[in-house]
Amino acid sequence: MGKYLRCFTLFFICMCLLTGCWDRRELEERASVLAIAIDQAEEDENLFKMTVQIPIPIKIAGSSGQGGGSNADAVKIMSATGRTVTDATNNLQMRLNQRLFLGHTRVLALSEEIAKEGIHDIMDSFRREPQIRRLLWPIVVKGKASTLLEIKPGLEQIPVVFLMGLIENGMKLGRIPDQTLGDYFNQTSNVTMEPFLNYVEATKKEVSWKGVAVFRGNKMVGILNRVQSWALIQLRNEKPGGDIVIPLPNTKKGYVSFRPHFVKKKLMIQEQGDTKSKGSESFSATYHCELQGDIVELTEDLKIPPEQFIVQMQALIKKEMEERAKKLLLQLQKQYNSDILKLGLTLRAKHYHEYWKKHNWKEDFRDFPVRVKYTIKLRRLGMEMQ
Amino acid sequence: MENQQRNFGTWQLTSIMISSMIGVSILTIPRTSTVLLHQMGWISPILGCLLASLAVAAIVYLGKQFPGTTFVEFMPRIFGTVLGAICVFLFILYQFFNAGITARLFGEVVVTSVLPNTPLEAVIITLLLLVVFLCCHEIEVVARVNELLIPFLLLPSLLIPLVSLMNADWYNLLPFQIESWTNVMKTGLNTYTLYTGYELLMVYFAFAIPGARLGVASMTGMSFALIVYVITVVAGIAVFGYEELQRLVWPTLELIKVTQKTGWFLERFESAFLAIWVASVFTTIGNMLYATIFSLRRLFRKGLRFQQITAIVTMVPLFFLTLVPKNIVELFSFTQQFTTVGLLITIFIPILLAITQFIRNQFNNVREVNNEKGGT
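Taken in sequence, the protein lines are chains A and B.
Following numbering that gives the first Met the number 0, the numbering of the first sequence begins with 0 at its first residue and continues without gaps.
Following numbering that gives the first Met the number 0, the numbering of the second sequence begins with 0 at its first residue and continues without gaps.
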């Protein structure tokens, strides 16, 4: 009798406890969002328009026999408006048969317009939502953000997968900075630096990386074009950036292309006991940047001995890079007044008492003297002798 | 009473100590330690450790003075019946409340981060049922459970912060300087709670095998906890920066979420971490409640049956106790207030006990010497 009772109790307990997870939702019961785009609504300035991209599992490759079918069907793009992001999500949910699931979101597209107004209010819901991963990529899109989700790249069935590939590959090549949502959050909280995000332009069929969008606080203040962005990631992340194409002097249509492979950066902060400005030490920063790389293209023969050629090219590239960096600093300091170089972090870390406590970096970055010195190490000339 | 089986080895004692100390607080420590100290936050676990080590030393001393007895017996012996009884009572009450708060914090983490639709009650009840099950057994089971679970706790708690250091910015840890010493003291006093759990040794030392090295066990335990905490705080500061840490409720969980390297086996590691962490919280709460209930049993000089009934009965008020804080803000302020009380019970009482005992020993020695002199 006792044995039966025991068995029964055990059975009962198992029935109660082993029912599985309370929050269980099967994969097919979820509408997994791969990308979110946030725009201003056309009809009302105070409303947000949220666009999401949801893949349709059945239509995705592998389903044989459908070869040549239209790619457009592999994803569903929906948009809804609302006063806040959550409001828009709710409105969207009301039009879906399954529950929206944001755990797989990889891209968050923001329109340039909205970024310029400030994205503090938008980001709050992304900070709070536990499903949102800090490793997703926020991207500022020229024009309307929804265009980024509507591209039809042809190479991939799902546009976002294409976009992810583009960024990921760019990151591996060292040409596109890896700027995640978590990085953005850290940079906005950190008083020593300002955030930046990748900036892309999307057309009907294509998307292309245009550079980075510079922020000050939560507001976008401007963009850096590709060339400047590459200079930025050399100085900031020690990533090589893209090939450097320079017109050859004293030729008609001659160009030389330099491909940096390795970057080493050293930031030196000098302290000069400047007597002119009444005893207050004046600080200045110098970036020493070393680029190692090859010549990959030379469209006109210079007809000079190889030894001289190397020296000349190194000088040429050095001059070009220093000019680019100068332009970058000019833009960052005078135009945008936004320290995305992480210079403030180094200053705070190394010269806390002498500099950091006496200055308001948010304002003083503008006038901080920064120099950039490049060292070019030309290693190889490709498969050519010269 | 003193003829019980004493079969806890040194390693078992160490694992009991480590798993009682490392519990919920590891999830919040990067934030709590940087509130006042900013980039120097990693100092605070060291300070907390120094503070707690005093008490641990006291407990080890007591353990050696009274082999085979728990605090229930030696507290009245040192302090006298009335004062001793009050101490015992306070201690039991403290363990009870501490277990309650830990269970609630555990529930909050699970509900906010993983299972938003699961009622908090369900999470807590499951945990408490497990603990009741543990409490229905003899004390060797506790040692074995701890010994069994310790590798699952050791490895990830070291591995995760170390791996996350890959995307760290070391300049976040600088400048190396302290703004105000009062803040350092304040944080030190607050963060010693990271190490609460060592006071349970006052129970478990009673079952050490004669000859087990209590000092070694507690030193290993303390230093391991210290290393884990310091690494976690350093990783938190280096990865997020102290400003961002202030905005995160469970910084360590976020740390795991951003720890992902493509090509590594560590993608989406947070669910694995939580699974391991559940085990570590279970051992924390289990050890605490077992100590509570076991000391009640010792107090009333009853057998295992009494212990089983008490376990089941005490779970009911404990469960309702966990539901007292109305929201997460209130919960954190409760925890804060509880820290102050805990300081009295887990630091001052053991130290006072040890000092009293030490003085008493000295007196006795003097008397004996005098007696000997008188005898000759």
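Beta carbons are placed, not taken as given, at the ideal position from N, Cα and C, and that holds for glycine.
| said: the ligand PLP and Phe319 (chain B): does the residue's C-beta get closer than 6 Å to at least one heavy atom of that ligand? | reply: Ligands are entirely absent from the displayed structure, and the ligand PLP is therefore not among its contents.
| task | Could you say which of B:Leu12, B:Leu298, B:Phe331, B:Ile159 lies nearest to Leu275 (chain B) if we only look at CA atoms? | result | Translated into the one-based positions of the second sequence, residue 275 (chain B) becomes position 276. At residue 275 (chain B) the sequence reads Ile, which differs from the Leu that was named. Taking only the C-alpha atoms, the option nearest Ile275 (chain B) is B:Ile159.
| query | Does any residue of chain B bring its CB to less than 7 Å from the CB of Pro194 (chain A)? | reply | Looking up residue 194 (chain A) in the first sequence gives position 195. Not one chain B Cβ lies under 7 Å of Pro194 (chain A).
| field | Chain-ordered chain B contacts of Arg132 (chain A) [CB-CB under 8 Å] | value | To locate residue 132 (chain A), count along the first sequence from 1; it is residue 133. Within 8 Å Cβ-Cβ: Lys256.
| Using the rule of at least 16 other Cβ atoms within 10 Å of the residue's Cβ for burial, across every protein chain shown, is Gly67 (chain A) buried or exposed? | Position 68 of the first sequence, counted from the start, is the residue given in the question as residue 67 (chain A). The pLDDT assigned to Gly67 (chain A) is 47, lower than 50, so where the model puts this residue is not dependable, and the model offers no usable value.
| request: Compute the distance between the beta-carbons of Pro330 (chain A) and Arg365 (chain A), then report whether it is under 7 Å. | output: Mapped onto the first sequence, residue 330 (chain A) falls at position 331. Mapped onto the first sequence, residue 365 (chain A) falls at position 366. It should be noted that the sequence gives Gln, not Pro, for residue 330 (chain A). Not a contact, by the Cβ cut-off of 7 Å.
| query | Which ranges would you report for the alpha helix (DSSP H) in the stretch 53-121 of chain A if only whole runs of at least 4 residues count? | reply | 84-92, 111-116
| task | Report all residues from its chain with a CB closer than 8 Å to the CB of Lys209 (chain A); omit the five preceding and five following residues, and keep chain order. | result | Reading the first sequence from its first residue, position 210 is the one you call residue 209 (chain A). Once the five neighbours on either side are set aside, the close Cβ partners of Lys209 (chain A) are Lys141, Tyr198, Val199, Glu200, Ile222, Asn224, Arg225.
| Taking a cut of 7 Å between CB atoms, which residues from the stretch 172-205 of chain A lie near chain B? | Gly181, Phe184, Asn185, Ser188, Asn189, Val190
| Limits of the unbroken alpha helix (DSSP H) element including Asn182 (chain B) | Sequence index remark: in the second sequence, residue 182 (chain B) carries index 183 (1-based). Run containing Asn182 (chain B): 180-190, per the alpha helix (DSSP H) assignment.
| query | Are there 16 or more other CB atoms within 10 angstroms of the CB of Glu329 (chain B), so buried, or fewer, so exposed? | reply | As a position in the second sequence, residue 329 (chain B) is number 330, starting the count at 1. It counts as exposed.
| query | For a contact meaning CB atoms closer than 8 Å, what does Ala230 (chain A) contact in chain B? | reply | By one-based count along the first sequence, residue 230 (chain A) stands at place 231. The premise fails here: Ala230 (chain A) is roughly 20 Å from chain B at the closest Cβ pair, so nothing lies under 8 Å.
| Mind listing which residues of the stretch 97-116 of chain B have their C-beta closer than 8 Å to chain A's C-betas, in chain order? | Thr111, Ser112, Val113, Leu114, Pro115, Asn116
| task | Just tell me which of B:Arg366, B:Phe319, B:Gln335, B:Leu147 has its CA closest to the CA of Phe95 (chain B). | result | Counting from 1 along the second sequence, the entry for residue 95 (chain B) is found at position 96. It is B:Phe319.
| 7 Å Cβ shell around Gln65 (chain A) - same chain, five flanking residues per side excluded | For the purposes of this step, residue 65 (chain A) is identified with residue 66 of the first sequence, where counting begins at 1. Per-residue confidence for Gln65 (chain A) stands at a pLDDT of 49, beneath the threshold of 50, marking its modelled position as unreliable; the derived number appears in the next sentence. Same-chain partners within the cutoff: there are none.
| field | Nearest candidate by alpha-carbon position, reference Gln130 (chain A), set B:Val113, B:Gln356, B:Leu119 | value | The residue you call residue 130 (chain A) lines up with position 131 of the first sequence. Among B:Val113, B:Gln356, B:Leu119, the Cα nearest to that of Gln130 (chain A) belongs to B:Val113.
| query | Below 7 Å between beta carbons: does that hold for Ser19 (chain B) and Gly214 (chain B)? | reply | The residue given as residue 19 (chain B) occupies position 20 in the second sequence. The residue given as residue 214 (chain B) occupies position 215 in the second sequence. No. Outside cutoff.
| task | Quick one: residues in its chain with C-beta nearer than 7 Å to the C-beta of Asn70 (chain A), no 5 flanking neighbours on either side, listed in chain order? | result | In the first sequence, counting from the first residue as 1, residue 70 (chain A) sits at position 71. Confidence at Asn70 (chain A) is low in this model, with a pLDDT of 48, below 50, so the placement of that residue should be treated as unreliable; the coordinate-derived value is given next. Lys151, Gly153, Gln156, listed in sequence order.
| query | Using a C-beta to C-beta distance shorter than 7 Å, which residues of chain B count as neighbours of Arg347 (chain A)? | reply | Residue mapping note: residue 347 (chain A) aligns to position 348 of the first sequence, counting from 1. The contacting residues are Pro174.
| query | Excluding the five sequence neighbours on either side, which residues of its own chain have a C-beta within less than 8 Å of the C-beta of Phe100 (chain A), listed in chain order? | reply | As a first step, residue 100 (chain A) is located in the first sequence; it is residue number 101 there, counting from the start. Contacts found: Arg24, Arg29, Ala30, Ser31, Val32, Gln130.
| task | Use the C-beta contact count for Arg296 (chain B): other C-beta atoms within 10 angstroms, 16 or more gives buried, fewer gives exposed. | result | Numbered from its first residue, the second sequence carries residue 296 (chain B) at position 297. That one is buried.
| Less than 7 Å separating the beta-carbons of Phe223 (chain B) and Ile17 (chain B)? | As a working mapping, residue 223 (chain B) is identified with position 224 in the second sequence. As a working mapping, residue 17 (chain B) is identified with position 18 in the second sequence. Cβ distance < 7 Å, so Phe223 (chain B) and Ile17 (chain B) count as in contact.
| Segment contact, 8 Å Cβ cut-off, at least three pairs: the stretch 358-378 of chain A with the stretch 179-191 of chain B | no
| task | With DSSP as the reference, label Thr146 (chain A) as helix, strand or coil. | result | On the first sequence, residue 146 (chain A) is found 147 positions in, with the first residue counted as 1. Helix at Thr146 (chain A).
| field | Min CB distance Gly240 (chain B) to chain A below 7 Å | value | Here residue 240 (chain B) is taken as the residue at index 241 of the second sequence, counted from 1. By this cut-off, Gly240 (chain B) is an interface position.
| said: Considering just the uninterrupted stretch of the alpha helix (DSSP H) at Gln306 (chain B), what are its terminal residues? | reply: Taking the first residue of the second sequence as position 1, residue 306 (chain B) is located at position 307. From DSSP, the alpha helix (DSSP H) with Gln306 (chain B) extends over 303-321.
| message | Rounded to the nearest angstrom, what separates Asn359 (chain A) and Arg215 (chain A) at their Cα positions? | response | Position 360 of the first sequence, counting from 1, holds the residue named residue 359 (chain A). Position 216 of the first sequence, counting from 1, holds the residue named residue 215 (chain A). In a straight line, the C-alpha of Asn359 (chain A) is about 15 Å away from that of Arg215 (chain A).
| When the Cβ atoms of the stretch 350-358 of chain A are set against those of the stretch 247-262 of chain A, are three or more pairs found closer than 8 Å? | no
| field | Alpha-carbon to alpha-carbon, Gly99 (chain B) and Met39 (chain B) | value | The sequence position of residue 39 (chain B) within the second sequence is 40, counting from 1. The sequence position of residue 99 (chain B) within the second sequence is 100, counting from 1. About 31 Å.
| Listed in chain order, which residues of the stretch 351-364 of chain A have Cβ atoms closer than 9 Å to some Cβ of chain B? | Tyr351, His352, Trp355
| Roughly how many angstroms lie between the CA atoms of Ala284 (chain A) and Arg235 (chain A), to the nearest whole one? | By 1-based counting over the first sequence, the position of residue 284 (chain A) is 285. By 1-based counting over the first sequence, the position of residue 235 (chain A) is 236. Rounded to the nearest angstrom, the two C-alpha atoms are 14 Å apart.
| What residues in the stretch 128-157 of chain A bring their beta carbon closer than 8 Å to a beta carbon of chain B? | Pro129, Arg132, Arg133, Leu134
| message | Between Glu178 (chain B) and chain A, is any beta-carbon pair separated by less than 7 Å? | response | Residue numbering aside, residue 178 (chain B) sits at position 179 when the second sequence is read from its first letter. No - not a single Cβ of chain A is within 7 Å of the one on Glu178 (chain B).
| beta strand (DSSP E) segment containing Val139 (chain A), residue limits | For the purposes of this step, residue 139 (chain A) is taken as residue 140 along the first sequence, with counting starting at 1. Val139 (chain A) -> beta strand (DSSP E) spans 136-140.
| message | Rounding to the nearest angstrom, what Cα-Cα distance links Phe10 (chain A) and Phe281 (chain B) in this structure? | response | By one-based count along the first sequence, residue 10 (chain A) stands at place 11. By one-based count along the second sequence, residue 281 (chain B) stands at place 282. Straight-line Cα distance between these residues: approximately 24 Å.
| field | For Gly381 (chain A) and Glu313 (chain A), the rounded distance between their alpha carbons | value | Counted from its first residue, the first sequence places residue 313 (chain A) at position 314. Counted from its first residue, the first sequence places residue 381 (chain A) at position 382. According to the sequence provided, residue 313 (chain A) is Gln. The question's Glu does not apply to it. If you take the alpha carbons of Gln313 (chain A) and Gly381 (chain A), they lie about 15 Å apart.
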